[in-house]
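Participant: Mapping of the sequence shown onto this note's numbering: position 728 corresponds to residue 1254, and the numbering continues sequentially without gaps. Backbone N, C-alpha and C fix where the C-beta goes; we use that ideal spot for every residue, glycine too.
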Amino acid sequence: MEEEFDVQSSGGFFDFKGFLFRLLSFWWLFVISLLIAFSIAHYINVRKVPIYRETSMISIKDDQNQMFGGNTSLVFNWGGTTDKVQTSIIMLKSRTHAERVVQYLQYYINYQKQGKYAIEDVYGYTPFQLKLNDSFPQLYGKRITVVDQGDGSMRLTIPFSGGNAALFNYNTLKPSTVPAPSADFDQVFELGDTIDTPFLKGQLLATDVYPTTGQEYFVSMGNFNGTAGRYRGMGVTQTPRGSSTLELSLVGTNKKRLIDYLNASIEVRTEEQLRQKNLFATKTIKYIDSSLKSSNVDLDKALNDLNSFQNKNSAITLSGGAEQISEELQTIDNEKDDLARQLVYYKQLEEYLRTRTDYTNVPAPSVSLINEGSITSGVSSIIQLALQRSNLAYTAKEGNPAFRDLDRRIDAEKAVLFENIRSSKSQINSQISNLNREIGQAERKLRQFPKEEQELAEIQRRFTISQEAYNLYTTKRSEAEIIKASNVSDILFIDKAKDVGRGPIGPNTQLNKVMAATFGTAIPLALVLIIFFLDTKIGTPEDVKKRSSIPVLGVIGKSKRTSGLVVRDHPRSAMAEAFRGLRSGLQFMYKKKGVTGAKTVLVTSSVSGEGKTFTSMNLASVFALSEKKTVLVGLDLRKPKIFDDFELENDKGVVNYLIGDATLDEVKQPSGIDHLDVILSGPIPPNPSELIISDAMHEFINKLKEEYDYIVFDTPPLGLVSDAFELMPYVDASLYMVRQGYTKKDMLGLVTDKYEKGQIKHVSFVLNYFQQKRKYGYGYGAGYGYGYGYGTYNNGYHEEEGRGGLLGKLGRLIRGRK
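1. Could you give the distance in angstroms between the alpha-carbon of Thr771 and the alpha-carbon of Leu788?
2. According to DSSP, Lys657 sits in a beta bridge with which residue or residues?
3. For Arg681, report the span of its beta strand (DSSP E) as first-last.
4. Could you compute how far the alpha carbon of Met583 sits from the alpha carbon of Gly689?
5. Tell me the DSSP secondary structure of Asp722 in three-state form.
6. Helix, strand or coil: which one does DSSP assign to Phe1226?
7. Of all the options Asn1013, His1096, Leu1190, Ser687, which has the alpha carbon lying nearest to the alpha carbon of Leu1151?
8. How would you write the range of the beta strand (DSSP E) that Gly1160 sits in, first residue to last?
9. Within 10 Å of its beta-carbon, does Thr652 have 16 or more other beta-carbons around it, so buried, or fewer, so exposed?
10. Span of the beta strand (DSSP E) holding Pro705?
11. Would Leu1161 pass as a contact of Met1143 if the rule is Cβ separation under 8 Å?
12. Comparing alpha-carbon positions, which option in Leu911, Thr1001, Lys1071 lies nearest Ile814?
13. How long is the line joining the alpha carbons of Ile615 and Lys700, rounded to whole angstroms?
14. Pro891 to Gly899, Cα distance in whole Å?
15. Measuring straight from C-alpha to C-alpha, what distance separates Phe989 and Asp884?
16. On the three-state DSSP scale, how would you describe Asp884?
17. For Asp1258, is the classification buried or exposed, using 16 other Cβ atoms within 10 angstroms of its Cβ as the cut-off for buried?
18. Whole angstroms are fine: how far does the CA of Leu1274 sit from the CA of Ser536?
19. In whole angstroms, what is the alpha-carbon distance linking Lys819 and Asp864?
20. Out of curiosity, what's the CA-to-CA distance linking Thr1035 and Gly1046?
21. Measure from the alpha carbon of Tyr1116 to the alpha carbon of each residue in Val1180, Asp1203, Ser1260, Gln802, then state which is nearest.
22. Should the stretch 1166 to 1179 be regarded as contacting the stretch 1187 to 1199, the criterion being three or more beta carbon pairs within less than 8 Å?
23. Taking only the alpha-carbon atoms, compute the straight-line gap between Phe564 and Val777 and give it to the nearest angstrom.
24. Based on Cα-Cα distance, which residue from Leu982, Asp719, Val1040, Ile908 lies nearest to Asp831?
25. Counting Cβ pairs, one atom from each stretch, are 3 or more of them under 8 Å apart for the stretch 1121 to 1129 and the stretch 1080 to 1093?
26. Helix, strand or coil, according to DSSP, for Arg579 in the structure here?
27. Here's the rule I'm using: 16 or more other beta-carbon atoms within 10 Å means buried, otherwise exposed. How should Tyr643 be labelled?
28. Given a cut-off of 8 Å, decide if Leu1163 and Val1181 are closer than it, judged by their beta-carbon atoms.
29. For Glu1282 and Met1254, I'd like the C-alpha separation in whole angstroms.
30. DSSP state of Pro1067, grouped into three classes?
31. Quickly, what does DSSP pair Asp647 with across the bridge? List them, please.
32. For the alpha helix (DSSP H) containing Gly1046, list its first residue and its last residue.
33. Since Thr683 and Phe744 should fall inside the 8 Å C-beta cutoff, what is the C-beta to C-beta distance between them, to a whole number of angstroms?
34. Excluding five sequence neighbours on each side, which residues of the same chain lie with their C-beta closer than 8 Å to the C-beta of Leu1055?
35. Taking the alpha-carbon of Asn997 as reference, which of Leu825, Phe1239, Ile965 has the nearest alpha-carbon?
36. Between which two residues does the alpha helix (DSSP H) harbouring Gln914 extend?
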């Protein structure tokens, strides 16, 4: 009964074992990668400038001063503490705020010195400070070398070579130029001296840093916008979330620069917030001042008229009845004057709302004694929306939908306010009409008295009205000044930024080491994984077993020996031992199959270059060494090669026999090895396939069996021609050569398909050119540590194709092939 070796296909699962061995074979890549990664981490940890993080903490309160009897607040309520917190967050992170702080601290001035590895920022660590006069343009973009002279003086050197020097006015933010000196500027200044040159104006101030004689510093004025832009990244967060407490944080390489910016940032914001808070009072005072000026003129005129009358008519006084009517008229006039003042305010308010677009400067209604709730509420709403729109401009551009929404709400409030003003004016006009009638009645009563008394009563009446108006405005102005002076900022310092000895937050040395280990391992791991999945060539016996149910009979290693007849020339070598192992495997197969008498074996492969001829020659040689009569038959009729290794002439061979041109004795030749004959292929025929399947071939094989113990057929590759398939039914065993790193995995499909369908039998794979320490990572023992291969050459069956040139070699090198 026939038995066959059967290896079940493992399917398409991931070959973890093969991948693991592949990783081990690339150990050197991991070593190199980790060395590079840890070198980079060490460079960063040692040479990178330390990074610090400084913080400060503030609280946003809701302090308000009520103005004019509590009807209108001096600083408009923006919507409570929550809105103030959000507004402060927006403002503190805005570019406008950053520009104000940079301007305040003159942070566009760079202080540097040469450090151990690079130029370092030494702001706050120099024994001097340059205080520029920002009213004048200053030297821009040029490095000023400052050398400590050790005696309280500094030498300033600026390189010049004529032409124009670039200047920049950090107040107006406008550039300019000035003729530059033809030679370098070099001058010594005492600390405290004023610098007054056409290109640099300011003062060199002393600091509390101890001077170091000969120390060289570099000072330069940089880009204002760029400097402000860098500080927009200041962190502002609510701590805890939703509270009125804000934590300000800043990250950088200079602790003192960070601390000064954080503290100055709060100072600038506090001043700006207080200015905005006082803006309403300031505008109200301005409005009162204009009214006071007019009232003062009226009062002066009335007083002059009264004094003039009394000088001319010193004996005239008001009688009891005239004085009573005069007092009645004064009371009515005061009431009418208050109403008239309200009408003037309403007219001014209407005009303001129709002609202006900035509604943040509307004066308080209470200035004109207006206590109408609908009016004060409408004015407050419009001011609130106007302030929201003004704050939105810090974070959004015109055209943003939020602007359109605010404009719509402002227009709606204005429409309501206009209607309330119209209603109030109508009521006031009605009241004034009634008062005018009362005035008319009183004046008719007064005309009953002498003319001098009437004139005196009129003058006193005008004086009293003017004095009441003046006193009212003076009182309101005093109230506004008091409230303005008593206003405090809503911002309260909790913790100022301070150097409390915190260490740097970067570079994170431990994290960098972890990252180095991670990337140093991940990168080669990914490369090996890519190579593993993209490798289309057979590498190990497991690769063969996973893709075919055909058994693997043996493995032949690689050798640097140049001889093709390794068994003959080196019979004691490990390579010869490998062929003896292959011979043992075949004999075991023959025994299992019950083959008696002459035994045949066919050697083929997928394509040329996989070692079938090499294997045929050495397999025949190893059979002959066992003193068995053996013949090696070259059936590769298209590309014969055997004759070259045996140093024979290929003028007569199998082809001559098959066409009847020679006998068996005439075609067989001694090989030079005892018990081994060679039958070459002979001349290349025009119809090799037809000769292989001819009856003559069947007769040829039978005659060989009568004369020899072992018959080895060297056949053409199956992937190129079908000759070997035609011969397989006539042989006892077939060896299918697979070369490591050469044979493509999908080439096994053709022979496997025929094997599984039962079209061919008794076939086994032999893995050739196998290396233990190759990219595949493992081998099969020392006995397979050597071998032989033919290299890459044209198959001889089709038109010759290019070998890929340099790019092809590079591609093979990248994929790990040799």
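Facilitator: Here's the rundown:
1. 15 Å
2. Gln729
3. 679 to 684
4. 50 Å
5. strand
6. Helix, per DSSP.
7. His1096
8. 1156 to 1160
9. buried
10. 700 to 705
11. no
12. Thr1001
13. 30 Å
14. 10 Å
15. 38 Å
16. coil
17. buried
18. In this prediction, Ser536 scores a pLDDT of 40, lower than 50, which makes its location untrustworthy; the coordinate-derived value is nonetheless stated afterwards. Near 15 Å, if we compare the C-alpha coordinates of Leu1274 and Ser536.
19. 17 Å
20. 16 Å
21. Answer by Cα proximity: Ser1260.
22. yes
23. The alpha-carbon atoms of Phe564 and Val777 are separated by roughly 26 Å.
24. Leu982
25. No: the two stretches stay apart, fewer than three of their Cβ pairs being nearer than 8 Å.
26. strand
27. exposed
28. Going by beta carbons, Val1181 and Leu1163 fall inside the 8 Å limit.
29. 15 Å
30. helix
31. Per DSSP, Gln638.
32. 1035 to 1060
33. Not confirmed; about 10 Å, so no contact.
34. Phe545
35. For the residues Leu825, Phe1239, Ile965, the minimum Cα distance to Asn997 belongs to Leu825.
36. 899 to 918
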